[in-house]
Amino acid sequence: MKNNHQARRKTRSSAMTRRQATLRPLAALILLALPALSSAEMYFPSALVSGDPGMVADLSYLTPAGTQMPGTYEVEMYLNGNWLAARSVRFVAADSVADTGSVETTDGVKDIRDATGLMACLTPDDWRDIGLKMEAVPAMAGLAEDQCISPGRYISQAYTAFDFEKMRLDISIPQAMVKNQPRGWIPPERWDEGINALLLGYRLNGSNSHSRSTGMDSSNLYLNLDNGINIGAWRLRDNRTWSRYSTTGGGSRSQWDRLNTYAERAIIPLRSQLLLGESTTDGDLFDAFSFKGVRLATDDSMYPDTQRGFAPLVKGSAFSNARVSIRQNGNLMYQTFVPPGAFVIDDLYPVSTGGDLDVTVTEADGTARTFVVPYSSVPLLQREGRLRYSIAAGRFRNTSDRYDDPEFAQGTLQWGLPYNTTAYGGIQMAEKYQAGMVGAGVNMARWGALSADFTHASSELADGSSHKGQSVRFLYARSMSSLGTTFRLAGYRYSTRGFHTLDETALKGMSGWLYDYDTLDAEGRPVERPYTDYYNLYNTKKSRMQANISQRFGRYGSLYLTGTRQSYWNSDRTTDSLMAGYSATLGPLNYNLSWSYSKGSNQAHSDRAAYLSFSLPFSALLPGKQDIRGPQTRLTGNASRNGNGRTSYTGGLSGTLLEDHNLSWNVQQGYTRQGDNGGQDGGSGSANIDYRGTYGSTSLGYSYSRDYRQMNYGISGGAVMHRNGLTLGQQPGTTSILVAAPGAAGVPVSNGTGVKTDWRGYALLPYSSEYRETRVELDVAGLDEQTELEETSVRVVPTRGALVRADFKAHSGARVLMRLTYQGKPLPFGTTVTAANSSGITGDDGVVFLSGMESEGELQAQWGSRVSQQCTVRYRLTEQQMQQSPVQLSEVCVQR
1 MKNNHQARRK TRSSAMTRRQ ATLRPLAALI LLALPALSSA EMYFPSALVS GDPGMVADLS
61 YLTPAGTQMP GTYEVEMYLN GNWLAARSVR FVAADSVADT GSVETTDGVK DIRDATGLMA
121 CLTPDDWRDI GLKMEAVPAM AGLAEDQCIS PGRYISQAYT AFDFEKMRLD ISIPQAMVKN
181 QPRGWIPPER WDEGINALLL GYRLNGSNSH SRSTGMDSSN LYLNLDNGIN IGAWRLRDNR
241 TWSRYSTTGG GSRSQWDRLN TYAERAIIPL RSQLLLGEST TDGDLFDAFS FKGVRLATDD
301 SMYPDTQRGF APLVKGSAFS NARVSIRQNG NLMYQTFVPP GAFVIDDLYP VSTGGDLDVT
361 VTEADGTART FVVPYSSVPL LQREGRLRYS IAAGRFRNTS DRYDDPEFAQ GTLQWGLPYN
421 TTAYGGIQMA EKYQAGMVGA GVNMARWGAL SADFTHASSE LADGSSHKGQ SVRFLYARSM
481 SSLGTTFRLA GYRYSTRGFH TLDETALKGM SGWLYDYDTL DAEGRPVERP YTDYYNLYNT
541 KKSRMQANIS QRFGRYGSLY LTGTRQSYWN SDRTTDSLMA GYSATLGPLN YNLSWSYSKG
601 SNQAHSDRAA YLSFSLPFSA LLPGKQDIRG PQTRLTGNAS RNGNGRTSYT GGLSGTLLED
661 HNLSWNVQQG YTRQGDNGGQ DGGSGSANID YRGTYGSTSL GYSYSRDYRQ MNYGISGGAV
721 MHRNGLTLGQ QPGTTSILVA APGAAGVPVS NGTGVKTDWR GYALLPYSSE YRETRVELDV
781 AGLDEQTELE ETSVRVVPTR GALVRADFKA HSGARVLMRL TYQGKPLPFG TTVTAANSSG
841 ITGDDGVVFL SGMESEGELQ AQWGSRVSQQ CTVRYRLTEQ QMQQSPVQLS EVCVQR
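Mind the numbering: the sequence shown is residues 1 to 896 in the UniProt record's numbering, read in order.
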């Protein structure tokens, strides 16, 4: 159980031997009866296999009832009755290890409580991983690192028990000898910093549109590049985007944006992450903003899942094939195309841990609407004794030229105290800004969790005016399981007239638009700017209310409500955003109702929309009983209406193809009534396909209506350069895995949709959880007839940003059914035969099955401990035989 913890399966060759060899009926019957007769101590009568005792190998290891052969087995490990982990564990014959075995210790307790005759070969490092306090058992700590240890020989009342049928290994150790760790804890010694490598990830998508009314063509391109270098524990990253928009007769515009460039590494003893370069501040206490400098902060991902926070979920709806753009702190951090209907974006990797998400849905005809997804943490509670901190210093950074870049320093601290309380606070210092915060949170058990904080700030604005003000914030969360009600986040903030944030003091002007990214729609008309981009420092923020509430009704579905209201000083206008939805199932039918409302303080009119959608397995409409589980073709329908009376109706089909379901498709047809929008009513339609393969992902879509035609497309992928060459794959995430199985080409990787090893046996598994155990498994059904794997799964525990190598040993060679004779007679039944890359046991008539055999080599056969019970075979296979499967031949075994 070292790093990578390679899970070696049970020896395939021995299993194949039992399938291929023909046992005498009576002997086979006895072998099958052994487990059923385990209540009595048995011996293996060799005379029942052959009348000649010399024709039977030494089978003494099968004499006791329940005895099993040594080897490596995939087992579920339990510590003191609690599930610990799934591991590949090597088991050895208990009596082959010095000073151990199934014997009574000084306290009268057996250290191995099973009848397998095996002992789990757990080394000192393994026991440290399990959580044993090795310092309390000096005799164990001083053993050799490769020593197999039975804990009962060193710890009173300790023992192991291996249930072979259930593949379960129970370990019992007095609780006082075990470190008290939270569930899901993985020892830092198992964390893998990964390999040195160059990394590239790319995503390109775009669209070409044609307006029938004006004859104008337009195109849109968006490219996201994630470049990186991993050297030891350091990760160097550069994330930038390129966008281009052009129209016939209207010219074109393109620009590069650098989201961030930084180097970071884990500081494991501090459970922290050190970053040098461009990033964003922690948004839990103060508003998040981009900066260029240095940051040292607690890394929550180093803690078990039960101690970690949440990620944002973006829900919305589209009336047509639409482009969804998500900005945070002004940075375009995500863009994708969605078909008509409801959409959920759950794979978001924000560039900060806080700050509202501005979501813009741009329809195929160029109309756009924007809504805000509040993104900040739930009440800031920490476990008792836990300290969470963040320190950052450098220069304020924003991609817009509306901002200056003042120097700043910021520090925040959260400290878990007794009685379910947490104290927190922080300071911000800049050239024209100083702020301090103090706050506390409390877990009120059945009444939920509440936090409250107070911030005082002094600031100087762009017009030279000085201000002082205060802000008070309350956050509340509660889950009422009995009622099915959850307040995921409810909050209120009140700020005095003179309160400003650091980013407001960095603005060069007192009012205006924050960014310049106006575009034209398909007909050459300016697209309305998102209301979230307008600012006015004369009308500072006064109060803000936000809520995120959900209600479950059991089998009758669930309801959610999300809303925000922001008011301002010197103005009676507010910025409002409200979304409500209801979803439920009726037999095989899934349906969803939703309504949205948004209005900016600078908008004359509000944006409203109502939406209905349903999804039904197509097989449910067919006669007879159908299996409606799993991937299949589905019938979908949508209906929507906005505040101007624009009404759309859409119906379609969607599904997946290919064995791995990595080709998805959908077709839709609809009709739209324009209402007060103007324009003519008419039909619309779309067709889209998405493919995820070994070397990347592609998408292609086409949509049309009475007024326009549009083609959208996309391609994404990645590449890593490592010591064994270049490997192409799907777009890598923050943490990835390099599957290395040289010689095993075209083998599917079970963890990744559409991922297979390339022609050299390498593959890029694009996503992995950091500081969590990931099991990488190869599908042996994809192996050719000449290839064998020593193991089919490997376990890794990557650190954040690592490219971890998962090694598999593949052997290419022939599969052979070989009849072996010695001194004119077949080798005895049960003889162990070992080759360079394979081993097996002879059945009746001296036949053994071996795989991964080279074209020529030597075999060692042994059926007893005496020299006269061992022999050697030299063999040679022709080129023609190497192409057969299996090869059948006979060889003579000679004395060594």
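Ideal Cβ placement from N, Cα and C applies to all residues, glycine included.
- Taking a contact to require three or more Cβ pairs closer than 8 Å, the segment 801-814 and the segment 844-852 qualify as touching.
- Taking a contact to require three or more Cβ pairs closer than 8 Å, the segment 158-169 and the segment 223-230 do not qualify as touching.
- For Y303, the closest alpha carbon among the candidates Q181, G366, F371, F286 is that of Q181.
- Each residue's CA atom was taken as its position, placing G232 and S768 some 18 Å apart.
- Of the other Cβ atoms in all chains shown, fewer than 16 fall within 10 Å of the Cβ of L387; this residue is therefore exposed.
- Within the segment 792-832, the runs of beta strand (DSSP E) at least 3 residues long that lie entirely inside it are, in chain order, 793-796, 803-807, 810-812, 814-822.
- T821 sits close to V892, with the two beta carbons spaced by under 9 Å.
- In the DSSP assignment, E858 forms a beta bridge with R874.
- Scanning R497, D114, G491 for the CA closest to the CA of T564 turns up G491.
- Restricting attention to G448, P188, M134, the CA atom closest to the CA of Y771 is found in P188.
- With a cut-off of 8 Å on Cβ pairs, the segment 654-667 is in contact with the segment 682-689, counting three or more such pairs.
- Inclusion of R240 and R258 in the CB contact set at 9 Å is warranted, their separation being smaller than that value.
- Only buried fits F396, as 16 or more other CB atoms lie within 10 angstroms of its CB.
- Within its own chain, the residues whose Cβ lies closer than 6 Å to the Cβ of T486, once the five positions on either side in sequence are excluded, are S479, S550, listed in chain order.
- Judged by their CB atoms, G498 and A477 are not nearer to each other than the 9 Å cut-off.
- Taking 3 residues as the shortest admissible run, the segment 181-208 contains no complete beta strand (DSSP E) segment at all.
- Taking one beta carbon from each stretch, the segment 266-274 and the segment 747-767 have fewer than 3 pairs nearer than 8 Å; the two do not touch.
- A straight line joining the alpha-carbon of S325 with that of A266 spans about 31 Å.
- Runs of beta strand (DSSP E) with 3 or more residues, each lying fully within the segment 558-600, are found at 558-568, 574-586, 589-599, listed in chain order.
- Shown here, R90 sits in a strand according to DSSP, grouped into three states.
- For the pair V747 and M721, the Cα-to-Cα distance works out to about 21 Å.
- In this structure, T67 lies away from G142, with their beta-carbon atoms at least 9 Å apart.
- The beta carbon of G714 lies closer than 6 Å to those of N205, S699 in the same chain, with the five residues before and after it left out.
- Ranked by Cα distance from C148, the first of S558, I130, N662, V92 is V92.
- For Q328, the uninterrupted beta strand (DSSP E) segment begins and ends at 322-328.
- Taking one beta carbon from each stretch, the segment 608-615 and the segment 580-598 have 3 or more pairs nearer than 8 Å; the two touch.
- When beta bridges are read from the DSSP output, D690 appears opposite S664, S699.
- By the Cβ-count criterion, P732 is buried, with 16 or more other Cβ atoms from all chains shown falling within 10 Å of its own Cβ.
- Under DSSP, I841 takes part in a beta bridge, and its partners are T832.
- Proximity to G411 across V344, D284, N321, E363 peaks at D284, based on C-alpha coordinates.
- In the DSSP annotation of this structure, R386 is not part of any beta strand (DSSP E), being labelled neither H nor E.
- Around R805, the same chain offers I195, L738, A740 as residues with beta carbons nearer than 6 Å, after the five sequence neighbours per side are excluded.
- Put simply, of D365, N751, S601 the residue whose alpha carbon is nearest the alpha carbon of S705 is D365.
- Closest in alpha carbon position to E856, among M882, T694, V833, I173, is M882.
- In this structure V894 is exposed. Its beta-carbon is surrounded by fewer than 16 other beta-carbon atoms within 10 angstroms.
- Residue state for V747 is assigned as coil, using DSSP reduced to three classes.
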